[in-house]
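J.:
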Amino acid sequence: MDPAKTAELLKQLHDAVVDMDEEKTPRLCQEALAAGIDAYTAIMEGLAAGMDTVGRF
């Protein structure tokens, strides 16, 4: 997968968690997996990174 596209999807996942968007987050998870991003990367660099940001607020 294109590294720029991967980075963009992970950022979108991060932002969806920060925004507490309950509709966008699962959709972006599915998009990330369909795009070939492995689950661990999506969780750690997208979801968990967003939770870390929220924890700092």
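Each residue of the sequence shown is one higher than the one before, counting from -5 in the working numbering. Glycine included, each C-beta is placed from N, C-alpha and C at the ideal position. Fair warning: this is a prediction, and the values are worked out from it, not measured in the lab.
(1) Grouping DSSP H, G and I as helix and E and B as strand, with all else coil, what is Ile37?
(2) How is the alpha helix (DSSP H) around Gly44 delimited, first residue to last?
(3) Let's test the definition: count the other Cβ atoms within 10 Å of the Cβ of Val48 and tell me whether it reaches 16, buried, or not, exposed.
(4) With 7 Å as the threshold, decide whether the Cβ of Asp(-4) is near any Cβ in chain B.
T.: Inspection of the coordinates gives the following:
(1) Residue 37 sits at position 43 when you count from the first residue of the sequence shown. Ile37 falls in the helix class under three-state DSSP.
(2) Translated into positions along the sequence shown, residue 44 becomes position 50. Counting along the chain, the alpha helix (DSSP H) containing Gly44 begins and ends at 42 to 50.
(3) Working through the sequence shown from its first residue, we reach residue 48 at position 54. By the C-beta density criterion, Val48 is exposed, having fewer than 16 other C-beta atoms within 10 angstroms.
(4) Judged by its chain identifiers, the structure shown contains no chain B, having just a single protein chain.
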